[in-house]
Every structure is written in C-alpha cells, then in structure tokens.
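Asks: Starting off with a structure, shown below.
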Amino acid sequence: MTDPDGRAVTGANVVLANAESRTDRTMTTGNQGEYQFLLVPPGSYTLTVNAAGFRGYEQRNLVLLVNTPATANVQLKVGAVTEILTVTSEAPAINLVDASLGNSFNETQVQDIPLEGRNVPDLLSLQAGVSYTGNRIGEKDQDTRNGAVNGARSDQSNVTLDNVDVNDQSNGYVFTSVLPVTQDSVQEFRVTTTNYGADQGQGSGAQVALVTKSGTNVFHGITSANDYLVKQSELNIGLPNKPLQRSMRADNYFRDF
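So for the sequence shown, our numbering puts the first residue at 746; every next one is plus one.
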C-alpha cells in the first residue's frame, strides 16, 4: 500500500469481501504498507481500502484461485475519505509469490469438459508434461487411465480434497483419489505440475488440490435421475431383450444441496 510518491501507507484499513457468501475479512497495513490474507477460499472478491487523508479505494471482481497466491498492490490518491476510487476491470491477478506452474479449473470447466466416469482428477491429463502409461498391477489388470507427470512414478502425485489427503494408497493411480469426487460437488481445483512450494512437496509428481462448493446466501441445489431400464434398452439396440430374472428398482435419484 503506497501513496502517490511511492511511500508506504501504514495503518490503512483493508477489507476483503466475498459477494456470494456476504463474508469479509479485515486487517490493517503494517509499517511497510504490507497486508496479507491467508487461507482465503476461491471466488470473486471486492477489495476495499480506507486511510486517513486519502481517497477510498475499491477493486471489484478480484478473482482468487485455489492454491494460487495473488498480489494486489494499491496506490492511494490524496483526497477526502468520502471520495472513492473504484476499479471494476483489471488484468487477472498474477502469481508473484512463487514459481509454481500449473492450471486452475473453475466450476464451469469442471462440469462442461467431457470426463470418463465423471472422475474430476482425470482433468490432470490435459496438462503439459502429463502422459498416459498404464499401471499394470497384474497380468490381466491394467488401468489405462494411469500415467506419469514429468516422468515421475505414477504413485508420486498428491491429491487433496479441502486440504485433506485423499490419495489412493492401495493402487497409487495418478488420476484417481480414494474418495469419489463428483463434478457437481467441486467448485474449483488446481493442478500444479512443477516448481511447487514446500507445503506441497509430498511427491515428485503433480499436486492436485480440489475444493468443494461452500454455501452462499442463496439456496441452490442439483438433482438428477437415471432410469436404468431405459438406458439398457438404448445401449442394446439390435440385440434380443432378455427378460429379468428378478425384480429390481429401476430408477436412481441423486440430489446435491
């Protein structure tokens, strides 16, 4: 936080607010004009700054991504506190904190990109440096979804869900987690393929961080249904229909709120 001459502004009040959840965090700049918000959930935020002798500052649509440090340097203008300088459009926040390389996938991408088996970690295969190799755990059992990241062993990738380890310790597949993660439950996730920080140094492969959706002030949900018998008839066109040997429940319903 600086003034028009580039000198640090101490004691400025900084507020980071999330429009969807109506939550905010507040802090005061230090002796060098620095401020830092830790463990901020991904989403769109508004940054507001107020300091005595300067105009108010407001930056809207500040998009924060999962596991991606963002820097917002603010230069305050001299004026009355009641005057507000509003910034509504800026270049995307650039990671100036570390040299990690990777990609973040937002909610729309997670839902719209075709996925085999609706397995979200499969999106890791779209990154540079990732290759399918197949992980043979038996002569007749080969998982073709498995692969390597930058030449590392398939069991060297690390998958977390809301900062909790969900690696498949039994098979060590690089594109799967021990818990099923559905597309509808993921808000965003980031894949870091190289140069990750010490907090992610649990393996030489990729670091996959998934974040589940959190609540907002607007009630919302997802519902879907699957008619097993109709699906079977569509897939078996041209083949003789065999009568069921026993009664079964045909419809499956899924809800996510």
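Heads up, the beta-carbon is just placed ideally off N, CA and C, and yes, glycines get one too.
Source: prediction; values computed, not measured.
1) Residue 804: buried (16+ other C-beta within 10 angstroms of its C-beta) or exposed?
2) In the structure shown, what three-state DSSP assignment does residue 789 receive?
3) Would you report the Cα separation of residue 870 and residue 786, rounded to the nearest angstrom?
4) What three-state label does DSSP hand residue 1004 in the structure shown?
5) If you reduce the DSSP assignment to three classes, tell me which class residue 863 lands in.
6) With DSSP collapsed to three states, give me the class of residue 924.
7) Return the chain-ordered list of same chain residues with a C-beta closer than 8 angstroms to the C-beta of residue 856, the five sequence neighbours on each side being excluded.
8) Can you give me the C-alpha to C-alpha distance between residue 765 and residue 899, rounded to a whole angstrom?
9) Which of the three DSSP states is assigned to residue 761 in this structure?
10) I think residue 903 touches residue 945, with their Cβ atoms under 8 angstroms apart; what is that distance to the nearest whole Å?
11) Check this for me: beta carbons of residue 920 and residue 892, under 8 angstroms apart or not?
12) Buried or exposed for residue 751, please, with buried defined as at least 16 other CB atoms from any protein chain shown within 10 angstroms of its CB.
13) State yes or no: is the C-beta of residue 796 within less than 8 angstroms of the C-beta of residue 757?
14) Throw me the rounded Cβ distance for the residue 850 and residue 868 pair, which I believe falls under 8 angstroms.
15) Kindly indicate which three-state DSSP category residue 993 falls into: helix, strand or coil?
16) What residue range does the alpha helix (DSSP H) around residue 748 cover?
17) Using only the alpha-carbon positions, how far apart do residue 924 and residue 753 sit?
Replies: To lay it out plainly:
1) In the sequence shown, the residue the question calls residue 804 occupies position 59. Its Cβ being crowded by 16 or more others within 10 Å, residue 804 is buried.
2) Residue 789 sits at position 44 when you count from the first residue of the sequence shown. The answer is strand: DSSP assigns residue 789 an E or B state.
3) Taking the first residue of the sequence shown as 1, we reach residue 870 at position 125. Taking the first residue of the sequence shown as 1, we reach residue 786 at position 41. For residue 870 and residue 786, the distance between alpha carbons rounds to 25 angstroms.
4) For the chain, the structure presents residues 746 to 1002; residue 1004 sits outside this window and is missing.
5) As a working note, residue 863 is residue 118 in the sequence shown. Here residue 863 sits in helix by DSSP.
6) Here residue 924 corresponds to residue number 179 of the sequence shown, with the count starting at 1. In the structure shown, residue 924 sits in coil (DSSP, three-state: anything other than H, G, I, E or B).
7) Residue 856 sits at position 111 when you count from the first residue of the sequence shown. The answer, listed in chain order, is 928 and 929.
8) Here residue 765 refers to the residue found at position 20 of the sequence shown. Here residue 899 refers to the residue found at position 154 of the sequence shown. Taking the straight line joining both Cα atoms gives about 38 angstroms.
9) In the sequence shown, residue 761 corresponds to position 16, counting from 1. The answer is strand: DSSP assigns residue 761 an E or B state.
10) What you label residue 903 is simply residue 158 of the sequence shown in a count that begins at 1. What you label residue 945 is simply residue 200 of the sequence shown in a count that begins at 1. Correct: roughly 7 angstroms between the Cβ atoms.
11) In the sequence shown, the residue the question calls residue 920 occupies position 175. In the sequence shown, the residue the question calls residue 892 occupies position 147. Contact flag set, yes.
12) As a working mapping, residue 751 is identified with position 6 in the sequence shown. Its Cβ having fewer than 16 others within 10 Å, residue 751 is exposed.
13) Within the sequence shown, the letter at position 51 stands for residue 796. Within the sequence shown, the letter at position 12 stands for residue 757. Yes, the pair counts as a contact, with Cβ atoms nearer than the cut-off.
14) To locate residue 850, count along the sequence shown from 1; it is residue 105. To locate residue 868, count along the sequence shown from 1; it is residue 123. Right, the Cβ-Cβ distance comes to about 6 angstroms (below 8 angstroms), so this counts as a contact.
15) Along the sequence shown, read from residue 1 onward, the residue named residue 993 stands at position 248. Bear in mind that a pLDDT of 48 at residue 993, under 50, signals an unreliable position, so the number given afterwards is only what the model happens to contain. Coil at residue 993, not helix or strand.
16) Against the sequence shown, residue 748 aligns to sequence position 3. Premise fails: residue 748 is in no alpha helix (DSSP H) and is neither H nor E.
17) Position 179 of the sequence shown, counted from the start, is the residue given in the question as residue 924. Position 8 of the sequence shown, counted from the start, is the residue given in the question as residue 753. Taking the straight line from one Cα to the other gives about 47 angstroms.
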